[in-house]
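Protein chains in written order, with the numbering used here: chain A, 360 to 685; chain B, 2 to 403. Glycine included, each C-beta is placed from N, C-alpha and C at the ideal position. None of the values given here were measured: they were computed from a predicted structure.
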Amino acid sequence: MTQLTLAKGLNAGLRRAMEANPKVIVMGEDVGKLGGVFRVTDGLQKDFGEDRVIDTPLAESGIVGTAIGLALRGYRPVCEIQFDGFVYPAYDQIVNQVAKLHLRSQGRLRLPVVIRIPFGGGIGAVEHHSESPEPYFVHTAGLKVVACANPADAYWMIQQSIASDDPIIFLEPKRRYYERAEVDTDLPEPSYPLHASRVVQDGSDVVLLCYGPMVKTCLDAAQAAEEEGKSLAVVDLRTLSPLDLDPVFDLVRKIGRVVTVHEAPLTAGLGAELAARITEECFYSLEAPVHRVAGYDIPYPVARVEDEYLPDLDRVLDAVDRVLAY
Amino acid sequence: MNAGTTDPLRASPPTNAPNPSETRNGSASQEPEVFVQLLTPEGERKEHPDYVFDLDDEAIKGFYRDMALIRRVDAEAIALQRQGELGLWASLLGQEAAQIGSARATRPQDFIFPTYREHGVAWCRNIDPLGIISLFRGVDYGGWDPKQTNFHLYTIVIGAQTLHATGYAMGVQRDGLVGTGDPERDTAVIGYFGDGASAQGDVNEAFIWAAVFNAPIVFFLQNNQWAISAPIEKQSRIPLYRRASGFGFPGIRVDGNDVLACYAVTKAALQQAREGGGPTLIEAVTYRMGAHTTTDDPTRYRLQDELEHWKLKDPLARVKAYLVRNGLADDAFFDQVEAEADQLAEHLREGTRALPEPDFAHVFDLVYAEQTQELREQQRAYLDYRASFADAETREPTEVAR
Chain A
360 MTQLTLAKGL
370 NAGLRRAMEA
380 NPKVIVMGED
390 VGKLGGVFRV
400 TDGLQKDFGE
410 DRVIDTPLAE
420 SGIVGTAIGL
430 ALRGYRPVCE
440 IQFDGFVYPA
450 YDQIVNQVAK
460 LHLRSQGRLR
470 LPVVIRIPFG
480 GGIGAVEHHS
490 ESPEPYFVHT
500 AGLKVVACAN
510 PADAYWMIQQ
520 SIASDDPIIF
530 LEPKRRYYER
540 AEVDTDLPEP
550 SYPLHASRVV
560 QDGSDVVLLC
570 YGPMVKTCLD
580 AAQAAEEEGK
590 SLAVVDLRTL
600 SPLDLDPVFD
610 LVRKIGRVVT
620 VHEAPLTAGL
630 GAELAARITE
640 ECFYSLEAPV
650 HRVAGYDIPY
660 PVARVEDEYL
670 PDLDRVLDAV
680 DRVLAY
Chain B
2 MNAGTTDPLR
12 ASPPTNAPNP
22 SETRNGSASQ
32 EPEVFVQLLT
42 PEGERKEHPD
52 YVFDLDDEAI
62 KGFYRDMALI
72 RRVDAEAIAL
82 QRQGELGLWA
92 SLLGQEAAQI
102 GSARATRPQD
112 FIFPTYREHG
122 VAWCRNIDPL
132 GIISLFRGVD
142 YGGWDPKQTN
152 FHLYTIVIGA
162 QTLHATGYAM
172 GVQRDGLVGT
182 GDPERDTAVI
192 GYFGDGASAQ
202 GDVNEAFIWA
212 AVFNAPIVFF
222 LQNNQWAISA
232 PIEKQSRIPL
242 YRRASGFGFP
252 GIRVDGNDVL
262 ACYAVTKAAL
272 QQAREGGGPT
282 LIEAVTYRMG
292 AHTTTDDPTR
302 YRLQDELEHW
312 KLKDPLARVK
322 AYLVRNGLAD
332 DAFFDQVEAE
342 ADQLAEHLRE
352 GTRALPEPDF
362 AHVFDLVYAE
372 QTQELREQQR
382 AYLDYRASFA
392 DAETREPTEV
402 AR
């Protein structure tokens with residue numbers, strides 16, 4: 360066991376994947392000498408060379424577009440998009456090309472491309488640095504979308520994503536990059552599948568569904584609720600596409616009340632999909648409508664008021680109170 | 002790879018490079034071998050066959066003042082960031098001449114599209130630097146009115162504004178404000194971007210559009226040698242100004258640390274655009290003396306020697322040398338500029354702390370020209386929620402998701 364930050368967990372995972380497979384390459388803006396603006400790729404170029412850790416020109420469509428070509432040639436590129444808001448120049452390549460090539464080639468072509476995106480707010484940044492673009496990708500058939508929430512998942516999920524023969528949008532909660540936890544890097548292989556949600560904490564009053572940066576927020580909320588005598592279950596969805604909801608349905612059937620939590624804006628966000636599926640599967644078990652805590656339907660605000668936008672412990676507990684009021 | 006081995010994956014030098022001195026290890030040279038220069042780093046005036054600096058020495062003193070004051074704004078903003086008053090700051094240190102020279106060449110009717118580093122250009126549009134500081138403090142998206150100043154909001158997504166600038170120029174063209182023969186009406190657009198942005202698809206598309214439509218635009222590229230950690234050698238195999246020829250319009254390289262040359266070259270290019278002569282790419286060869294932004298640590302990827310080398314080419318020092326050597330400015334002048342800088346610094350320090358906090362509830366009013374019912378309800382829910390902290394007892398469940 361070793362103590363790692365989430366960023367270091369990703370770094371160690373990337374390193375292990377690169378050691379295991381010479382076809383794994385890392386590419387993006389400033390990922391080489393600088394080690395990425397968040398230092399996630401720190402030291403990789405030094406150890407694996409400039410051919411495997413590529414400082415690209417400043418062009419996101421170029422990064423993803425050439426990654427497609429490299430993948431077609433047998434490589435397994437891991438692209439870093441520097442910030443969530445900069446993925447959009449690559450959006451066309453991702454949605455029209457990455458997502459569809461398997462189908463268009465009748466399964467002959469595989470695109471084992473991982474697109475890493477630091478996402479979410481809470482770091483006091485300027486515009487375009489705090490976005491939650493995951494609904495766009497979840498809505499795009501042909502992509503798989505995962506979000507890690509802690510150092511151990513960061514370490515394993517990045518390796519599992521690289522091993523995936525399907526393209527993966529890999530979301531990293533940037534405000535959690537420097538939070539630490541134990542990671543068992545000695546295990547020969549991951550103990551948990553990539554596309555599986557995880558019940559982080561069982562409970563009896565309300566189920567909180569969350570992913571990425573909101574997992575910690577929800578765990579904090581659950582702790583605060585416990586002091587008020589309420590028992591909250593917390594599920595870290597981990598995989599946003601495909602969703603893994605069987606464990607969620609089991610909890611909902613037992614508990615009957617659900618709150619979904621994400622930073623992305625409310626309308627047509629993950630919460631909407633979760634509410635719909637839970638209603639379809641667990642209608643007779645529900646004691647209250649599914650409530651959604653989310654970002655508002657506004658562009659991400661300026662830093663001085665971002666705390667008003669971001670779901671926090673209070674807003675989660677407020678929603679908990681509201682579902683318990685039914 | 003070991004030095005001396007042939008690496009098939011490394012780019013080889015272009016075989017058809019017309020001027021070997023333009024390449025260093027097969028890449029675009031950092032050393033400006035051919036560019037328009039009217040004032041040497043030592044402060045000596047030079048003549049150029051095509052570009053003449055046509056203003057008097059008072060104007061040069063004015064340029065010095067502009068550069069000194071905006072450099073002070075920059076230093077002050079960095080200090081404010083270090084003190085926690087700003088979330089971030091993107092320094093223009095080293096790029097004062099490129100910005101002041103080019104911006105002073107514009108006419109009031111010309112429209113400017115900046116990146117997020119054009120503080121010197123904003124200065125020339127009489128924008129209070131507090132309006133820039135408020136952006137980096139996280140209070141707003143820039144505290145100026147683009148319509149009143151003919152200076153667009155800062156664009157943070159790299160290169161995107163070059164297309165906006167091109168479209169704006171096409172609008173100017175369609176408004177019949179090109180080639181009227183009336184210097185008060187003829188209008189051009191200038192779009193700023195950097196060496197890093199030159200790789201973006203948007204920038205290359207802007208070049209194509211500007212060429213195809215013969216748009217009245219000047220693309221002003223400040224090549225400050227570094228796209229965060231990527232040096233120019235890793236970004237281009239040819240000097241960037243030469244890319245213009247492939248798109249079908251002229252490219253000119255200018256000493257970006259020479260405010261006189263930047264003024265003269267930009268003025269000529271803008272005039273050509275106003276007269277209907279179409280786009281020009283100006284590559285101003287300069288240097289980012291500071292970090293990419295206050296969150297960046299350039300010691301991880303570049304050598305101190307390089308910085309020292311560029312300090313010898315400082316854009317302010319050469320103007321000062323020229324003014325002093327020729328007896329055009331005395332100590333009183335420089336003291337006066339210094340005093341103005343002190344005053345400006347105080348204005349920024351006090352003004353920053355006095356900037357009003359934004360009201361989050363107001364954001365809901367600004368998303369659409371015509372607010373939607375849905376958003377109005379969210380706004381109301383937010384206000385109720387906020388009020389619940391003041392009066393927790395009155396809280397009631399609502400149907401509106403929060």
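- The contact set of B:E371 on chain A, defined by CB atoms closer than 8 Å, is empty, because the minimum CB distance reaches about 15 Å.
- For A:I521, the CB contacts under 7 Å within the same chain, skipping 5 residues up- and downstream, are A376, V383, R435, V437 and V473 in chain order.
- B:C125 has no beta-bridge partner at all, per DSSP.
- Counting C-beta atoms within 10 angstroms of its own C-beta, A:S491 has 16 or more neighbours from the protein chains shown and is therefore classed as buried.
- For the pair B:Y193 and B:P280, the CB atoms are not nearer than the 7 Å cut-off.
- For B:G160, no beta strand (DSSP E) run applies, since DSSP gives it neither H nor E.
- With a threshold of 7 Å between beta carbons, A:V618 makes no contact with chain B.
- For A:V661, the three-state secondary structure derived from DSSP is coil.
- DSSP, read as helix, strand or coil, puts A:E486 in coil.
- Not flagged as an interface residue toward chain B: A:S590, since no C-beta distance is shorter than 7 Å.
- Nearest in C-alpha terms to B:W311, of all of B:Y288, B:P357 and B:F137, is B:Y288.
- Following the DSSP letters along the chain, one finds B:K148 inside the alpha helix (DSSP H) bounded by residues P147 to T150.
- The bridge partners DSSP lists for A:P436 are A:I384.
- B:Y302 reaches chain A at K392 and L393, counting residues in chain order whose Cβ is nearer than 7 Å.
- Annotation: A:G615 is outside any beta strand (DSSP E) and is labelled neither H nor E by DSSP.
- Boundaries of the alpha helix (DSSP H) around B:R350: D332 to A355.
- Residue environment: B:E358 is assigned as exposed (fewer than 16 neighbouring CB atoms within 10 Å of its CB, all protein chains considered).
- Considering only A:G481, A:L468, A:K405 and A:E378, the residue with the shortest C-alpha distance to A:T576 is A:G481.
- Taking B:S389 as reference, the option from A:L393, A:R651, A:A449 and A:D673 with the minimal CA-CA separation is A:D673.
- According to the DSSP assignment, A:S600 belongs to the beta strand (DSSP E) that extends over T598 to S600.
- The beta-bridge partner set that DSSP reports for A:C569 consists of A:D595.
- Taking 7 Å as the cut-off between beta carbons, none of the residues of the segment 93-105 of chain B comes near chain A.
- Cβ proximity to chain A below 8 Å picks out Y117, L136, F137 and R138 from the segment 109-138 of chain B.
- Following the DSSP letters along the chain, one finds B:G132 in no beta strand (DSSP E) but inside the alpha helix (DSSP H) bounded by residues L131 to R138.
- Considering only beta carbons, the part of the segment 653-668 of chain A lying closer than 8 Å to chain B consists of A653, Y655, D656, I657, P658, P660, V661, A662, R663, V664, E665, E667 and Y668, in chain order.
- Selection A:R467, A:S489, A:K459 and A:R432 evaluated against A:V446 yields A:S489 as nearest (Cα-Cα).
- Against B:I157, the close residues of chain A are V485, E486 and H487, in the order they occur along the chain (beta-carbon pairs closer than 7 Å).
- Chain B places no beta carbon closer than 7 Å to that of A:S600, leaving this residue out of the contacts.
- In the displayed model, B:W227 falls within a strand according to three-state DSSP.
- The beta carbon of B:I229 sits closer than 7 Å to some beta carbon of chain A.
- CA-CA distance, B:P217 to B:D187, rounds to 10 Å.
- The shortest CA-to-CA distance from B:S103 to any of B:Q38, B:I191, B:A342 and B:P50 is the one to B:I191.
- With respect to chain B, the C-beta atom of A:L676 has no partner C-beta closer than 7 Å.
- Residues of chain A with a Cβ closer than 9 Å to the Cβ of B:F365 are, in chain order, Y655, D656 and I657.
- The Cβ atoms of B:I134 and B:T150 do not sit closer than 7 Å to each other.
- In this structure, A:P572 places its C-beta atom within 7 Å of the C-beta atom of A:R535.
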